[in-house]
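First up is the structure itself, then whatever we jot down about it.
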Amino acid sequence: MPSVFGKDSKRKELINNLHLVYEKIEREQSIPLGDFPKIERMQDILRNMDFTKFRPLDRRLIERIDKMLSEDVPRLMSMIPQEEHAYLQLNSQSESGNAPSGNTIFSDQQETPFSIGGIEGINAGIGEHEWIVERSKHEYDQVFVQLSPQNGKITGASAKQEMIKSKLPNNVLGRIWKLSDIDKDGMLDIDEWALSQHL
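UniProt numbering numbers the first residue of the sequence shown as 1 and each following residue consecutively.
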């Protein structure tokens with residue numbers, strides 16, 4: 001009977017200190033906290049779980065998933081050019097005079113002199129002659145060189161180790177990768193790397 005109580009108290013302690021478990025996993029596995037479920041929700045779920053049915057961590061499975069996320073998913077994503085297609089379609093409609101009615105996210109940005117050069121976020125640098133990434137490119141280039149590029153490019157695995165330091169959620173980092181990998185070869189050259197760091 002005492003062993004049952006011991007396990008139960010250990011279980012309660014683990015659930016109550018779940019934030020420490022999250023922090024440890026974040027540190028050891030380089031997973032941003034934004035990718036974890038909400039602590040309160042997870043604690044509620046764990047209170048009703050039988051911990052004896054949990055399987056131990058399979059390191060090989062983690063390695064396979066890591067490889068899939070860093071190599072296979074970007075390769076698959078490059079086969080689905082949805083955004084590029086939508087952009088080209090929108091451009092062809094506007095050139096032929098058949099632009100969709102209503103406002104687009106850019107429709108009012110270019111109509112006032114206040115927006116040119118003074119926009120932040122996605123529109124930073126509109127109306128400027130210099131590529132906005134050039135402002136910090138020297139810093140980005142130094143990091144790129146430290147990542148030991150091969151034939152002028154770094155792999156997804158190399159870039160990932162640096163990009164996760166931002167602590168952005170993986171879905172955001174994946175989106176940044178997709179936007180930065182201009183030639184869709186699954187690797188980043190020095191300019192693509194600079195773009196990823198700017199984003």
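Yeah, the Cβ is synthetic: ideal placement off N, Cα and C, and Gly gets one too.
Given the structure is predicted, the values throughout are model-derived calculations rather than measurements.
Check the C-beta distance from residue i over to residue j and give it rounded, since I have them as a contact under 8 Å.
i: Leu-168; j: Ser-180; result: Not quite, the Cβ-Cβ distance comes to about 13 Å (not below 8 Å), so this is no contact.
i: Leu-20; j: Gln-43; result: Not a contact, Cβ separation roughly 12 Å.
i: Asp-189; j: Gly-152; result: 6 Å
So, at 7 Å on beta carbons, what are the nonlocal neighbours of residue i in its own chain, with the 5 sequence-adjacent residues on each side left out?
i: Lys-178; result: Met-77
i: Ile-182; result: Glu-192
i: Tyr-140; result: Trp-193, Ala-194, Gln-197
i: Asn-170; result: Pro-32, Asp-35
i: Lys-137; result: Ala-194
i: Asp-108; result: With a pLDDT of 47 at Asp-108, under the threshold of 50, the modelled position of that residue is not reliable, and no figure is offered here.
Which one of the options has the shortest CA to CA distance from residue i?
i: Arg-47; options: Tyr-22, Asp-185, Asn-16; result: Asn-16
i: Val-172; options: Gly-34, Val-21, Asp-8, Arg-27; result: Gly-34
i: Ser-9; options: Phe-51, Arg-41, Tyr-22; result: Phe-51
i: Ser-70; options: Lys-184, Lys-165, Ser-166, Ala-159; result: Ala-159
i: Ile-62; options: Gln-146, Gln-29, Lys-12; result: Gln-29
Which of the three DSSP states is assigned to residue i in this structure?
i: Ile-15; result: helix
i: Lys-167; result: coil
i: Ile-31; result: coil
i: Asp-8; result: helix
i: Leu-57; result: coil
i: Leu-188; result: strand
i: Ile-25; result: helix
i: residue 206; result: The structure shown has nothing for residue 206, since the chain only spans 1 to 199.
i: Ile-45; result: helix
i: Ile-65; result: helix
i: Ile-182; result: coil
Can you list, in chain order, the residues of its chain whose CB lies under 6 Å from that of residue i, leaving out five sequence neighbours each side?
i: Glu-23; result: none
i: Arg-11; result: Phe-51
i: Gly-174; result: none
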